[in-house]
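Okay, so here's the structure we're looking at.
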Amino acid sequence: MRIVVLTGAGISAESGVPVFRGSDGLWEGHRVEDVATPEGFARDPQQVHAFYNGRRAKLTGGAVEPNDAHRALAKLAAAPGVELFLVTQNIDDLHERAGSGEVLHMHGELLKARCQSCGAVVPWREDLSRASVCPACGEIDCLRPHVVWFGEMPFGLDETAAAISRADLFVSIGTSGRVYPAAAFVSWAREAGVPGLEINLDESDGSSLFTESRRGRAGELVPRWVDEVLAGRKDQG
Ligand code: BJW
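2 is the number of the first residue of the sequence shown in this note's numbering; add one for each residue after it.
Written as structure tokens, this is what we have:
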């Protein structure tokens, strides 16, 4: 069985990583134009570094751990007869820490930095600043967070489109469906005749496009859904 899973901020919410939209969301305290666009970074790199430094420190500080939803997806990927394509909008490393081997981070990774001078992408766990030195080319004032801001091209779209077109099921977990192109994946699935399942706390912008929507916490609903899939595999074989 070929399954494509798209995850968003909601899957990491129960791990203590804030979502973007909503009353306690990251965008309540920050202007998107200032911290999540290339123009904002060009205007005030220190402000953007501070925004990501804070989030990176929280991720590496020991208080944020994968939850049952991350672990259930890792279990699904390891199951015989299941081919899982896991694409996440999240920049945290919680899928990997839960044991998922192959994860496509379409909006980049918080624990990597990218050199705007030589193009190198390097692991990065410390604070970034204008004084940070690129380990690849030795330049200063050239490193940026390895993330995808508004107006930039997300990673792996061709690969994702191909995986969706040959999938038996498309599943969206913990995303508001407000940001494209991820919000269009359910339409890509529909066009290919692939059924869609949504698991989300609230109704999303794309809820009506899914074959089935389940409302609730990812930490509870994802393990339940994975058990259903694995029980179905057992019944078949
Ligand atoms: C739970 C839960 C629990 C809570 N259990 N659930 C006009 C129309 C259409 C498109 C555009 C337009 N104008 C501009 C665009 C394009 C633009 C865009 O989409 N803008 C919209 C705002 C309209 N997109 C882009 O610019 C993208 N690039 C692009 O389009 O390139 C050109 C292109 C052309 C053609 C094809 C392909 C490409 C780039 C987008 C980059 C987004 N970057 C960010 C920041 C990344 C770095 C960082 O983390 O700081 O990505 S923005 C932010 O939003 C982040 C997220 O990945 C993304 C999505 O957020 P997500 O994950 O959905 O979180 P929330 O908070 O919105 O929702 C959480 C959900 O979880 C909620 O529904 C809760 O109910 C739920 N939840 N707790 C289950 N316990």
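For glycine and all other residues, C-beta sits at the position ideal for the given N, C-alpha and C.
Bear in mind the structure is a predicted one, so any value in this text is a computation, not a measurement.
Beyond the five residues adjoining it in sequence on each side, L95 comes within less than 7 Å, by CB distance, of S13, S16, P67, H71 in the same chain, given in chain order. Contact between the segment 228-238 and the segment 205-212 is not established, with fewer than three Cβ pairs separated by less than 8 Å. For F21, there is no enclosing alpha helix (DSSP H), as DSSP marks it with neither H nor E.
In this structure, the alpha-carbon of A168 lies about 16 Å from that of E213.
Put simply, of Q90, D93, I92, A99 the residue whose alpha carbon is nearest the alpha carbon of A78 is A99. By the neighbour-count criterion, in which 16 or more other beta carbons inside 10 Å mark a residue as buried, Y181 falls on the exposed side. Listed as beta-bridge partners of R115 by DSSP are V122, R145. Relative to the ligand BJW, the beta carbon of Q237 is positioned no closer than 7 Å to any heavy atom. Cβ neighbours of A162 within its own chain (closer than 8 Å, five residues either side excluded): W189. Secondary-structure assignment with DSSP links R98 through no beta bridge to anything.
With a cutoff of 8 Å on beta-carbon distance, L170 and L210 are scored as not near each other. The residue among C116, P155, R44, H147 with its C-alpha nearest the C-alpha of P136 is C116. Taken through DSSP and simplified to helix, strand or coil, R56 comes out as helix. F156 and A37 do not touch by the CB rule: their CB atoms are close to 16 Å apart, not below 8 Å. Under the Cβ criterion (8 Å, minimum of three pairs), the segment 72-92 does not count as touching the segment 114-133. In this structure, DSSP gives L202 a state outside helix and strand, which the three-state scheme calls coil. Pairing K113 with P146, the inter-Cα distance amounts to about 7 Å.
Here N54 has D128 as same chain residues with Cβ atoms under 6 Å from its own Cβ, once five neighbours each way along the sequence are excluded. Look at the segment 169-195 and you find these whole runs of beta strand (DSSP E), each 3 residues long or longer: 170-174. Judged by their CB atoms, E110 and L87 are not nearer to each other than the 8 Å cut-off. In this structure, S205 has its CB closer than 7 Å to one or more heavy atoms of the ligand BJW.
The beta carbon of H50 sits no closer than 7 Å to any heavy atom of the ligand BJW.
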